[in-house]
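Undergrad: Residues 0 to 205 (our numbering) are what the sequence shown spells out, left to right. All residues carry an ideal CB built from backbone N, CA and C; glycine is no exception.
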Amino acid sequence: MNFLEQHIVNEGIILGDKVLKVDNFLNHQIDIVVMKQLAEEMKCRFAGVEVTKILTIEASGIAIATMLASLYGVPLVFAKKETTINSTDDKYTAESYSFTHQKTNVVSVSKPYLQAGEKVLIVDDFLADGYAMSALTDIVAQAGATVSGIGIAIEKGQQKGGSLLRSKGFHLESIAIIERMDHISNTITFKGQEPQPMRRKIGLCK
Ligand code: 5GP
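1) Where does Val21 land, buried or exposed, given buried means 16+ other C-beta within 10 angstroms?
2) Identify, in the order they occur along the chain, each residue of the same chain with its Cβ nearer than 7 Å to the Cβ of Glu4, setting aside the five sequence neighbours on each side.
3) Buried or exposed for Met0, please, with buried defined as at least 16 other CB atoms from any protein chain shown within 10 angstroms of its CB.
4) Cα separation between Lys155 and Asp124?
5) Please report the straight-line C-alpha distance between Thr103 and Val8, rounded to a whole angstrom.
6) Take Ile12 and list the residues in its own chain whose beta-carbon comes closer than 6 Å to its own, dropping the five residues that flank it on each side.
7) CB-CB under 7 Å to Leu206, same chain, minus the five flanking residues each way: which ones, in chain order?
8) Relative to the alpha-carbon of Ser59, which residue among Thr92, Lys167, Ile153 and Pro194 has its alpha-carbon at the smallest distance?
9) Compare the C-alpha of Val32 against each of Gly143, Met66, Glu178 and Ile187 and name the closest.
10) When we look at the beta-carbon of Lys52 and count the other beta-carbons within 10 Å, is it buried (16 or more) or exposed?
11) Where does Ala78 sit, in a helix, a strand or coil, going by DSSP?
12) Using 10 angstroms around the beta-carbon of Ser184, count the other beta-carbons present and answer buried if the total reaches 16, otherwise exposed.
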């Protein structure tokens with residue numbers, strides 16, 4: 000198991016067979032050491048690829064994206080899920096169904112922050128059915144910029160997002176790919192590996 004898979008086994012909680020809760024290092028409390036390792040691993044996997052901007056979507060992608068932007072020395076832009084009264088710029092927009100919020104959001108990036116010709120590395124915490132990543136690749140295309148690659152911390156390989164993005168020709172790198180989660184046996188199976196017992200279970204401390 001790699002460092003991220005190990006963290007998932009030690010600290011993640013399987014909710015049903017589709018949702019992995021990793022609130023204590025990625026989605027609520029943020030483990031900066033893990034974020035830094037994720038950014039370094041992503042930079043290594045995209046070695047030789049030109050990147051002028053990091054793009055993510057609020058909220059949980061921002062921590063990884065910040066570390067990655069710091070390694071590349073380029074700006075980070077996060078797409079917004081809600082419009083606010085101070086968002087007066089023209090925007091690129093795309094619809095995205097939110098798996099965790101169970102609703103369709105219009106995600107947006109203000110036009111000044113994504114320019115034609117930019118080489119954009121897109122990053123997020125999870126890839127499930129690919130709605131969030133499809134919205135971001137769509138926004139990059141609207142801007143006349145290019146997707147350099149897509150870096151994901153946790154891909155849920157049992158959902159369609161990974162195959163959808165790879166079939167469209169995107170260079171997709173996921174640090175942990177889950178093939179199966181079983182909340183009855185409380186085990187998780189990463190791509191090409193044997194099932195692993197999770198250390199934590201919903202309702203129990205450890
Ligand atoms: P997609 O758009 O690929 O269907 O879903 C990806 C988005 O949904 C991610 O940005 C992530 O926030 C959220 N998500 C999807 N599956 C999970 C999951 O199992 N656990 C958590 N914590 N978030 C998820």
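TA: If we stick to the structure as given:
1) Buried: at least 16 other Cβ atoms inside 10 Å.
2) Within the same chain, Cβ atoms closer than 7 Å to the Cβ of Glu4 are found at Ala175 and Phe189, the five residues on either side in sequence being excluded.
3) When all chains shown are included, Met0 counts as exposed.
4) Between the C-alpha atoms of Lys155 and Asp124 there is a straight-line separation of about 11 Å.
5) Each residue's alpha carbon lies about 31 Å from the other.
6) For Ile12, where only same-chain residues beyond five positions count, the Cβ hits under 6 Å are Lys20, Arg199 and Ile201.
7) Missing from the structure shown is residue 206; the chain here goes from 0 to 205 and no further.
8) Looking only at Thr92, Lys167, Ile153 and Pro194, the smallest Cα-Cα distance to Ser59 is reached by Ile153.
9) Restricting attention to Gly143, Met66, Glu178 and Ile187, the CA atom closest to the CA of Val32 is found in Met66.
10) Of the residues assessed, Lys52 falls on the buried side of the cut-off, its CB having 16 or more other CB atoms within 10 angstroms.
11) DSSP places Ala78 in strand when its eight states are reduced to three.
12) With fewer than 16 other Cβ atoms inside 10 Å of its own Cβ, Ser184 counts as exposed.
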